[in-house]
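*Asks:*
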Amino acid sequence: MSLSRKAQKELARHIVEIDKLSDNPEVTKELYLISIEMLRLAGFKDNGIAFDVSEYLHEKVDRLRNGAVSDGWEEHAHKSLMQQLRD
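The sequence shown: position 75 = 266 (the numbering used here), numbered continuously.
So, in structure tokens, the structure goes:
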């Protein structure tokens, strides 16, 4: 079973919209766990959207939990995800 690129895009859009509502690390962590499941379902073929959303949320969780300044990876992952959602 695999998750199509179209389905990945649809799910990622919802995850991103929910993510915009809060910078709460617990909410972001739950969204990250959902994205990991999406990545698992996407499989190894054409999983770019699922990978990018999980990478973005992983980086955001790290930043929120550590109270650190972003090292640039979060922005890079977000930019890559937004590009994939536009394609």
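Yeah, the Cβ is synthetic: ideal placement off N, Cα and C, and Gly gets one too.
Here the structure is a predicted model, which is why all the values come from computation and not from measurement.
1) Between the Cα of isoleucine 225 and the Cα atoms of Phe235, Ser213, Val207, Asp214, which residue gives the shortest distance?
2) Determine, using beta carbons only, whether arginine 277 and proline 216 come nearer to each other than 8 Å.
3) Applying the 10 Å Cβ sphere with the 16-neighbour rule, what's the burial state of lysine 270?
4) Where does phenylalanine 242 sit, in a helix, a strand or coil, going by DSSP?
5) Roughly how many angstroms lie between the CA atoms of arginine 204 and alanine 241, to the nearest whole one?
6) Would you tell me roughly how many angstroms separate the C-alpha atoms of lysine 251 and lysine 236, rounded to the nearest one?
*Replies:* In brief:
1) Val207
2) no
3) exposed
4) helix
5) 11 Å
6) 25 Å
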